[in-house]
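So the sequence shown is numbered by our numbering: it starts at 13 and just counts up by one.
Presented below is the structure to which this report refers.
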Amino acid sequence: MKKQKKNLILPLLLTGLLFGGCSSHAAQSSAEDNTDLIVVGFSQVGAESDWRNANTRSMQEALTAENGYRLILEDAQQKQEKQITAIRNFINQGVDYIVLAPTRETGWDTVLTEAKKAGIPVIIVDRMIETDDPDLFTCWVGSDFRSEGDKAVQWLEEHQDGRKLRIAHLQGSIGSSAQIGRTSGLDAGIAAHDDWTLVFRESGDFTQAKGQEMTEKLLARETDFNVLYSENDNMTYGAIEALQSAHLEPGKDVTILSFDASSKALHLILDGKINYDVECNPLHGPRVRKIIEQLESGETPLKYTYVEEVSFESSNLLESVIEGRGY
Ligand code: GYE
């Protein structure tokens, strides 16, 4: 596995002893000078959504010099080629760990084989990869995206209210686990109901701008729909703009289901503009830190860790719940 070095506890203890009475700034510069930091190369998908930004912050806050880490963050701007280049650079730099939040599921075998040959453990976060060789990564932590889709479908069943459903669907980035799971949940729901019809389906690439653009395209083509199933909150914000410009009332004329449950979306639930939002938890920083600590002390972390998630609608949402959340 990795080269033998670095005891997480010792540098922290020494820092504590040496700088116990000093400012955190002094402690921080000592840690930055410390060549014994654990170096983590993190290939992040991009900055396409509030979820993603919260996820980046969570990693930056967990893997600090004070905690014993040097984090090298590479933003791939939603491009897999950039992630492959970043991973190769991490290998050349001889990082201790690679953390990969994959843009899409397929296409990782070659570069991860290179990481394996270099003896660098790879931790996958958020989305999953598809590979025949599970030894290409050490472990994965993220969400059960199919179950998120199933929750939305179940809520829609319970709130169909005798209507025939005509569903417009904004998909996330095609080929990502978040898109694949949430789409397959909806597809199963449509297949199980004769009176649910899919009237529109396009990818908004998880961004607000594209969510708005695709909803404008929808409105130009088809106005007879009463449900919008949007695979993330940022696309939903764009969709709400487009619906309002077309004098449709989001949450009333169109039932809106969304994913992520970021704080702005939760306020939109309170405003009655989003009907149901399935939480997707982005706070993976402490989880990754814990995995690295386990590996450093010779333990074997669980191969797959699914994060527990809830969902929100106006009947179970209070302002105080929104304030207490970190994203
Ligand atoms: O739902 C979306 C983001 O992979 C869970 O990616 C993540 C998704 C999240 O851009 O907002």
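From the three backbone atoms N, C-alpha and C, an ideal C-beta is built for every residue, glycine too.
Source: prediction; values computed, not measured.
In whole angstroms, what is the alpha-carbon distance linking residue i and residue j?
{"i": "F324", "j": "I334", "result": "11 Å"}
{"i": "K222", "j": "T122", "result": "32 Å"}
{"i": "S257", "j": "N104", "result": "51 Å"}
{"i": "E228", "j": "D62", "result": "22 Å"}
{"i": "D217", "j": "I192", "result": "13 Å"}
{"i": "F271", "j": "R100", "result": "33 Å"}
{"i": "R337", "j": "D289", "result": "15 Å"}
{"i": "S41", "j": "R82", "result": "Residue placement at S41 cannot be trusted, given a pLDDT of 44 that sits under 50; the coordinates are not used to answer."}
{"i": "F54", "j": "L112", "result": "6 Å"}
{"i": "D207", "j": "L182", "result": "20 Å"}
{"i": "A234", "j": "I84", "result": "The sequence shown places Glu at residue 234, rather than the Ala named in the question. Roughly 46 Å separates the two Cα atoms."}
{"i": "G33", "j": "N79", "result": "Because G33 carries a pLDDT of 36, less than 50, the predicted location of this residue cannot be relied on, and the following value inherits that uncertainty. Going by the C-alpha atoms only, they are around 18 Å apart."}
{"i": "N65", "j": "I186", "result": "20 Å"}
{"i": "L198", "j": "E170", "result": "14 Å"}
{"i": "K163", "j": "G106", "result": "42 Å"}
{"i": "L25", "j": "K91", "result": "At L25 the pLDDT is 43, less than 50, meaning the model places this residue with poor confidence; the figure from the coordinates comes in the next sentence. Approximately 41 Å, taken between the alpha carbons."}
{"i": "D108", "j": "A127", "result": "11 Å"}
{"i": "A180", "j": "A273", "result": "20 Å"}
{"i": "Q224", "j": "Y316", "result": "35 Å"}
Could you tell me which of the options sits nearest to residue i, measuring between CA atoms?
{"i": "S189", "options": "S275, H205, I141 and V300", "result": "I141"}
{"i": "Y318", "options": "E117, I136 and V52", "result": "I136"}
{"i": "Y241", "options": "E311, V300, W167 and A204", "result": "W167"}
{"i": "L210", "options": "F237, V165 and I186", "result": "F237"}
{"i": "T118", "options": "L148, G58, F102 and P133", "result": "L148"}
{"i": "E305", "options": "P133, S332 and E86", "result": "P133"}
Indicate, with yes or no, if the ligand GYE has a heavy atom lying under 7 Å from the CB of residue i.
{"i": "G338", "result": "no"}
{"i": "F218", "result": "yes"}
{"i": "A190", "result": "yes"}
{"i": "W63", "result": "yes"}
{"i": "F271", "result": "yes"}
{"i": "R69", "result": "no"}
{"i": "R139", "result": "yes"}
{"i": "N244", "result": "yes"}
{"i": "G184", "result": "yes"}
{"i": "S159", "result": "no"}
{"i": "E308", "result": "no"}
{"i": "E305", "result": "no"}
{"i": "E60", "result": "yes"}
{"i": "S155", "result": "yes"}
{"i": "C151", "result": "no"}
Three CB pairs or more closer than 8 Å across the region 272-283 and the region 44-60: No: fewer than three Cβ pairs fall under 8 Å.
Meets three-Cβ-pair contact criterion under 8 Å: the region 204-215 and the region 261-269: no
Cβ contact (3+ pairs, closer than 8 Å) linking the region 74-86 and the region 297-308: yes
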